[in-house]
Amino acid sequence: MNEEIKTGMDTDDKDRKRLSADLEMNIKMVTDELGTEPDIIIRHLHMFKSSKAALLYIAGMTDASAVNLLVMSMITEPPLGSGDGLEESPFQSLLYRSLAIGGIHKIDRLDEVLLAMLEGNTVVLLDGSNEAVAAFTCGVEKRSVEEPSTQTVVRGPKEGFTETLHINTALIRNKIKSTNLCMEYRIIGHQTRTTVALVFMKGIADEKVLEEVRRRLDLIDTDSILESGYIEEFIQDKTFTPFPLLQNSERPDAIAAGLLEGQFAIVVDGTPFVLLAPVTFVKFFQSSEDYYQRYDISTFLRIIRFFSFLASMLLPSIYIAITTFHQEMLPTQLLISIAAQREGVPFPALVEAMIMEITFEILREAGVRMPRIIGPAISIVGALVLGQSAVQAGLISAAMVIVVSFTAIASFVIPSINMGTAARLIRFLLMILAGSFGVFGILAGLMMILTHLSSLRSFGVPYLTPISPLKTSNLKDVFIRVPWWAMKKRPSLDNKAGTVRQGTPSSISDHAAARSEKGGEGQ
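Okay, so the sequence shown: first residue is 15 according to the numbering used here, each after it adds one.
So, in C-alpha cells, the structure goes:
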C-alpha cells in the first residue's frame, strides 16, 4: 500500500507556524484563525488529574460517541503497572497508551491542526508539549451506499459511490483485495482543501502515465475543488473538444474493472463521481452489464449502442439533406407522402428541424430541473402537447416529429451521458451543413469529426485505439465482446503487448463435455 499526502499548493508562512509548548497560546492561535463561533468547541480537562489538556473540534462534524470515548480515556487513571520502569512524558503516555481511538496521528503545525478540525477530527493539545494528536472522530452526516442513479443495470452490483472519500476508497478495496492497489492522497484547493486520491494498480498501470497525472495534479493552483469535474478540466489533454477525454462513473465495479486493465482513478472527496483515465472512444459504449451476461447478448446490445450513436448524430441531418437537395433518393410513394405533409409547413426543413430540436432540449432541461415528482410528467405531457399542436397548426410536419423523437430516444441508449451530450452538440453542426450543402456537407462534417478524433489523446493514448492505430489483439472487446475465456490478455493502452490476465483453457465447458463423452465410451 502506497499512501502519500501532498498539498498541491504553496502555503503562506502563517500556515506553517509551529505549535507552542504553552497550551493557551496554541488555543489562541486556533481561535485567531477559526474564530470563536458556537460550533468551535474547546473542552478543557486534566489528563490523569494532573496534566492540563484541551480537546478542539467542530460540532456537527464529529461523532459525539467517539468524542465522549476520547474524553473518558484521557481523564481515567492509567492502569497500575503500565509503564513501570519506563520514563514517559505526558505526551508519550497520551499518544501511545491513553487514547482509546483507532486512528490517531501526531501533528506539530498550526495548518495541520486547522485541517484536522475542518475534516471532522478532534485535536488534543497538551500543556508543556509543542506537539498535538489528531484523533479520527469524523461523524458528519453522510449518504449511505445506494444504487447508482445514472448507471443502472439489470444484472450486477447495485452499490454506488457516495460523497465521502473514505467510503469510496473502501468500496474500491472491497472489489480489489490486493496489495498492488495503491492510493496517493493530495489536498487541492486553497480554500476548500479538498482531499483527492489517485488510485492505480502497481505493476499494471503504466508508470509514465502515472508520472504525467501526478505532474498535472501538482500543477493545479485554484481556490476550490467542489466536484471531480473541476479536476477533469484541469488535467485533460485538450480543452476545446466535445468528446470526453476522461470517463466518470459512480459504480465501484466499473472503476475496479478499469484499474485492472491499466487505467488509473481519481477519487474526489464530496462527489460520488470517480474519474477514470486514460480512456478511448470505444470505452464510452461499454457498460458494466456487458460483462455480467452472455457474450452474444452483450455483443448485440453493444452494436445497438453504436447504431444509436450514429442515429443520434446523423438522422435529422440526413432527413434535411434528402428532403431539401436529394429528393430523388426517396421512393416515389414516400416522397409523395412527405411532400403532402410539408405542403402547409411555412419553414424549410432546416428551420423546422432546429425548432423541434431546440424545443426538445428545453423540455429535457426542464424535466431535469423540475422537482423529481413532476419533472417526468412535464416532459412527457409537454412533448405530446407541443408536438401534436405543432402538427395540427401546420408549423411542423409529422415526419419531422418522428425523426426528432427517434433521435432523442437514440441519444438515451448511450451508456455515457458525456458521449451522449457530444452527439447532441455535433447533431446541430451536421444539421447546418446538411441544410447548406446536402449530403456533401454531411460527409465533410464527418471527415472533420474523424480527423478531430484521430488527433485526440488521453494522457498520451490515441483516442481511437485499438481501431487507429490498429491493434488486432484488443479487438476482442470493441464492437463485439468475446467470451471471457477468450480474453487471455488484458487490453493494452500503450504500444506494449497486453499482460496475461488469465490461464483458463479455451472453454471449460467444452473440456468437461469431452471428458464426459470419453467416459461414456469407456463404459
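Beta carbons: idealized from backbone N, C-alpha and C, even for Gly.
This structure is a prediction, so every number in the text was calculated from the model and none was measured.
Where residue i falls, given that 16 or more other Cβ within 10 Å makes a residue buried
i	result
A149	buried
D53	exposed
F323	buried
D235	exposed
A404	buried
R32	exposed
Y244	buried
A511	In this prediction, A511 scores a pLDDT of 41, lower than 50, which makes its location untrustworthy; the coordinate-derived value is nonetheless stated afterwards. When all chains shown are included, A511 counts as exposed.
F493	exposed
V227	buried
A437	buried
A67	buried
S143	buried
G49	exposed
R441	buried
N182	buried
P385	exposed
G99	In this predicted model, G99 has a pLDDT of only 48, less than 50, meaning its place in the structure is not dependable enough to derive any value.
P505	buried
K42	exposed
Closest Cα partner of residue i within the set the options
i	options	result
E126	N40, I190, S472	N40
L224	R207, K502, V475	V475
T45	R356, T346, L70	L70
R230	S238, E173, L212, E366	L212
G434	G358, S326, V496	S326
Q341	K216, L467, G452	G452
P330	A422, P171, S65, M43	A422
I317	P429, P505, P171	P429
E145	Q277, H58, H119	H119
E47	F299, L132, P385, S103	L132
F105	I55, A271, L37	L37
E155	G74, P171, I190	G74
F320	Q277, R265, F426	F426
F257	F299, Q277, A219, I280	F299
I332	V417, K485, L409	V417
A130	I72, K172, A184, D220	I72
Y540	I55, Y477, W498	This structure does not reach residue 540, given that the chain is present from 15 up to 537, and the question cannot be answered.
I56	L139, S65, L109, S107	L139
R552	K503, T151, K485, E173	As displayed, the chain neither begins before 15 nor continues past 537, which places residue 552 out of reach and without an answer.
Coil, strand or helix - residue i by DSSP
i	result
D125	helix
T164	coil
T193	coil
E198	strand
R32	strand
G517	coil
L478	coil
A114	coil
A511	Note on A511: pLDDT 41, under 50, position unreliable in the model; no value is reported.
I56	strand
Cβ separation of residue i and residue j, assumed to be a contact under 8 Å, to the nearest whole Å
i	j	result
M445	I334	6 Å
E366	S411	7 Å
S263	V288	6 Å
A268	S242	Their Cβ separation, rounded to whole angstroms, is 14 Å, which puts A268 and S242 out of contact at 8 Å.
T538	T76	It is not possible to answer for residue 538, since the shown part of the chain is limited to 15 through 537.
M414	M343	Not confirmed; about 17 Å, so no contact.
T338	A363	5 Å
K189	A270	4 Å
T206	L240	6 Å
G153	A78	7 Å
Residue-chain proximity (residue i, chain E), Cβ-Cβ < 8 Å
i	result
I186	The structure shown has no chain E; it contains just one protein chain.
Any non-hydrogen atom of the ligand SAH closer than 7 Å to residue i Cβ
i	result
Y477	In the structure on display, the ligand SAH does not appear, and there are no ligands present to speak of.
Does the segment 283-302 come within contact of the segment 174-186, defined as at least 3 CB pairs closer than 8 Å?
yes
Is the segment 289-298 close to the segment 202-209, with three or more CB pairs under 8 Å?
no
Indicate whether the contact test is met: 3 or more Cβ pairs, each with one atom in the segment 105-122 and one in the segment 75-86, closer than 8 Å.
yes
Inter-stretch contact (C-beta, 8 Å, three-pair minimum) for the segment 462-474 and the segment 246-254:
yes
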